[in-house]
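Number 51 in numbering that gives the first Met the number 0 belongs to position 52 of the sequence shown; there are no gaps in the numbering.
Ideal Cβ placement from N, Cα and C applies to all residues, glycine included.
Fair warning: this is a prediction, and the values are worked out from it, not measured in the lab.
Heads up, the thing below is written out as structure tokens.
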Amino acid sequence: MVACQEPANNKGLPNVSQSSTKAISETSLVILGTIQDAGSPHIACKKKCCRNLFLVPDNDRKVVSLGLIDAENNKKYLFEATPDITEQMKKLMSAETSESKEIADGIFLTHAHIGHYTGLMYLGKEAVSAESVPVFAMPKMKAYLEQNGPWSQLVTNSNISIQEINNKKEITLSSNLRIMPFLVPHRDEFSETVGYKIIGPNKTALFIPDIDKWEKWETDINIEIANVDYAFIDGTFFDGKEINHRDISEIPHPFIIESMERFNDLPTKEKMKIHFIHFNHTNPVLDQNSKEYKQINDNGFNVSKIYAVYKL
């Protein structure tokens, strides 16, 4: 079993809550979470990767999420509604000291797996009882939320207002900020699965936290990377050693070692765009001192770090 040994030390990273207003005065992306749906520590895990975290929790281990700051128009958007949405929303909304709002101007969902939409429950009457928060979702995802409780109550009570989005149809947030969803192959039990292209005034980012395998996608990921400035992509498992007790066909993801091999011949400047994200609790790259973490860096790629800021 390959597993993380110690919690990652992210103290030196640019923390949104501690950043100066100047540091985020431009349209930017902020990483608000890097962990797979079930979090870290993982429920019922007795392995080394989680044992110490039950005793000494690492507050930087949040489920995968991005924050988008539209500085020009004083708007903020959240990508994914995770079980950690309470803290993630606060981090995003407090990124500028002049900000008085507590809820994002919109939430973009990728799919209906537990780490990516269940945070919506905190917008309901048991919690903040929000008013018509725009939630951007594909047609099947929209129908799933509207037709199944408790999510349907968020709709009938006008806590959320679902904005239907469609494959490869751009959403214009402002004159300098556009979002394009695109379908990717994944376990679509209840909804489609999408990634997003986030197109800023100067730079563009790719966000694909979940995909089965690159080869199953009708689009060439190498070409997509060439057309963006940042690529935050599925890094759930480093290799097959992590899941020797599970059937990979039940939980397919591209192993990081597979992705590195696929991208091995890319020029250095292209490799530097790639940031692995959405790490399973067993993933050894959660330990910055691990040989696997070093291997990623030595090969010219990046491990996503919570609260890192990327200008668009």
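Distance between beta carbons of residue j and residue i, contact taken as under 8 angstroms
i    : j    : result
M137 : E191 : 4 angstroms
A37  : G114 : 7 angstroms
D233 : I250 : The Cβ separation is near 12 angstroms, so there is no contact.
T33  : S303 : 5 angstroms
Q162 : V134 : 7 angstroms
Length of the line joining the Cα atoms of residue i and residue j
i    : j    : result
S160 : D104 : 11 angstroms
H188 : M140 : Per the sequence presented here, residue 188 reads as Glu, with His not at that position. About 10 angstroms.
C49  : H41  : 7 angstroms
E125 : D219 : 44 angstroms
L28  : A70  : 11 angstroms
G239 : K100 : 44 angstroms
S93  : S24  : 13 angstroms
T155 : Y116 : 18 angstroms
E86  : M259 : 32 angstroms
F237 : H277 : 11 angstroms
E291 : Y229 : 21 angstroms
V55  : E257 : 33 angstroms
G320 : A111 : Limits of the chain in this structure are 0 at one end and 311 at the other, which puts residue 320 out of reach.
I305 : L153 : 29 angstroms
L119 : W150 : 8 angstroms
P184 : P208 : 12 angstroms
N279 : S39  : 8 angstroms
K90  : K310 : 17 angstroms
P253 : E169 : 27 angstroms
N73  : L67  : 11 angstroms
F300 : F275 : 8 angstroms
E269 : G123 : 42 angstroms
K196 : V62  : 20 angstroms
E241 : A43  : 16 angstroms
N298 : N263 : 8 angstroms
M271 : Q146 : 43 angstroms
S128 : A307 : 30 angstroms
K47  : P200 : 44 angstroms
L176 : F206 : 15 angstroms
Q294 : K212 : 21 angstroms
N51  : D57  : 10 angstroms
Y121 : L144 : 14 angstroms
D286 : Q35  : 15 angstroms
N165 : M179 : 9 angstroms
R186 : V227 : 26 angstroms
K167 : V193 : 10 angstroms
I84  : L31  : 9 angstroms
D59  : P82  : 14 angstroms
With 16 other Cβ atoms within 10 Å as the buried cut-off, status of residue i
i    : result
E130 : exposed
I222 : exposed
Q4   : Residue confidence for Q4 is low, a pLDDT of 34 falling below 50, so the modelled location carries little weight and cannot support an answer.
A225 : exposed
L172 : buried
T267 : exposed
L108 : buried
S174 : exposed
S64  : buried
K215 : exposed
K45  : exposed
F53  : exposed
N282 : buried
S157 : exposed
N296 : exposed
CB contact below 7 angstroms: residue i versus chain C
i   : result
E79 : Protein chain content of the structure displayed is limited to a single chain, and chain C is not contained in it.
| said: Pairs of beta-carbons, one from the stretch 75-87 and one from the stretch 104-123, closer than 8 angstroms: are there three or more? | reply: yes
*asked:* If we require 4 or more residues per run, which alpha helix (DSSP H) segments fall completely within the stretch 123-210?
replied: Listed in chain order, the complete alpha helix (DSSP H) runs (minimum 4 residues) inside the stretch 123-210 are 138-146 and 150-155.
>> List, from N- to C-terminal side, the alpha helix (DSSP H) runs of 4 residues or more that fit wholly inside the stretch 66-130.
In response: 84-92 and 113-116
At 3 residues or longer, what runs of the beta strand (DSSP E) sit wholly inside the stretch 209-274? Within the stretch 209-274, the complete beta strand (DSSP E) runs of at least 3 residues fall at 229-233.
- [ ] At 3 residues or longer, and completely inside the stretch 277-310: list those beta strand (DSSP E) runs for me, N to C.
- [x] Within the stretch 277-310, the complete beta strand (DSSP E) runs of at least 3 residues fall at 308-310.
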